[in-house]
Amino acid sequence: MADLEERANVVASGARQTGAGVPVRRRRVPDLAECVRLLGDVHATDGYPSDWPDRPAAWLTPEGLLAAWVAEADGRILGHVALSRSAPGDAAPGLWSRRTGARPELTAVVNRLYVAPAARGRGVGARLLANALTHARALGLHPVLDVLATDAAAVACYRRLGWTWLGSADQQWGGGRTVVVHCFAAPREP
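For what it's worth, this note's numbering labels the leading residue of the sequence shown as 854, then goes sequentially.
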């Protein structure tokens, strides 16, 4: 396990230095306040997350968290992404497992991806997503994710970036509400 973590750290540090000019680095504890503030801006603009969490910093640090990153420019955080082990109720790992025949435990779930409204269109989201994919693969895990079926912009983004649609599923959310999510798997490695 230490070897895998070391390999992932090398990949992540290298990924921070390359890319389309968007610096991405590991999220640090002091970043959480700015990440929550930015999440509030995204929520006000886009309604993401659809249910504002009671404890937003804890929401950004879900159980099973493998790593989280931020995109940053001029000392300001522009976006965020997390990578986690699958949790009970996650639809994407199960759909991926049924499609591939591999165990769902061999997935990593990309989540908590958002970009500042003013920073969109500059490749920030794609850069964050690429960093999470590189890290997951370094750990020997296949990245998957789900997105609300009503979030047409996110669905279009994942399709444009070559993610494979696995199917749709109903998920139980707070307050007994059922939502439909579209599940995707990362493109296979080149």
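Just so it is clear, CB atoms sit at the ideal spot from N, CA and C, and this is done for glycine as well. From a predicted model like this one, the values you see are computed outputs, not experimental measurements.
Item, Value
"For Leu913 and Arg965, which I take to be in contact (beta-carbon distance under 8 Å), what is that distance rounded to the nearest angstrom?", "6 Å"
"Can you give me the C-alpha to C-alpha distance between Val1033 and Leu982, rounded to a whole angstrom?", "22 Å"
"Return the chain-ordered ranges of every beta strand (DSSP E) run that is complete within the stretch 915 to 972 and spans a minimum of 3 residues.", "918 to 926, 929 to 937, 960 to 968"
"Since Ala989 contacts Ala961 with CB under 8 Å, what's their CB separation in whole angstroms?", "4 Å"
"State the CB to CB distance for the pair Val875 and Ala924, rounded to an integer number of angstroms; the pair is presumed to be in contact (CB under 8 Å).", "5 Å"
"Is DSSP giving Ala1039 helix, strand or coil here?", "coil"
"Less than 7 Å between C-beta atoms, sequence neighbours within five positions excluded: which residues of the same chain meet that for Trp1026?", "Asp904, Val1032"
"Within a Cβ cutoff of 7 Å, which residues of the same chain sit near Ala972, ignoring the five residues on either side of it in sequence?", "Leu931, Gly932"
"Determine the burial state of Arg1041: buried for a count of at least 16 other Cβ atoms within 10 Å of its Cβ, exposed for fewer.", "exposed"
"Evaluate Trp1018 with the Cβ neighbour count: other Cβ atoms within 10 Å of its Cβ, from every protein chain shown; 16 or more gives buried, anything less gives exposed.", "exposed"
"Within this structure, are the beta carbons of Val997 and Ala955 separated by less than 8 Å?", "no"
"Compare the beta carbon distance of Ala940 and Gly917 with 8 Å and say whether it is the shorter of the two.", "yes"
"Consult DSSP for Gly974 and reduce its assignment to one of helix, strand or coil.", "coil"
"Quick check: what's the CA-CA separation for Gly978 versus Leu994?", "21 Å"
"Just checking my contact of Val889 with Pro970 at CB under 8 Å: how many whole Å lie between their CB atoms?", "Going by Cβ atoms, the distance from Val889 to Pro970 rounds to 16 Å, so no, they are not a contact pair."
"For Gly1020, name the three-state secondary structure that DSSP assigns.", "strand"
"Taking 7 Å as the limit between beta carbons, can you name the residues of its chain near Leu986, skipping five residues before and five after?", "Pro996, Ala1039"
"Label Ala855 either buried or exposed according to how many other C-beta atoms from any shown protein chain fall within 10 Å of its C-beta, with 16 as the threshold for buried.", "Any reading at Ala855 is ruled out, since the residue's pLDDT is 35, under 50, leaving its predicted position unreliable."
"What does DSSP give as the partner residues of Trp905 in its beta bridges?", "Paired residues: none, contrary to the question."
"Shortest alpha-carbon distance to Tyr901 belongs to which of Asn984, Asp1004, Gly1029, Gly1020?", "Asp1004"
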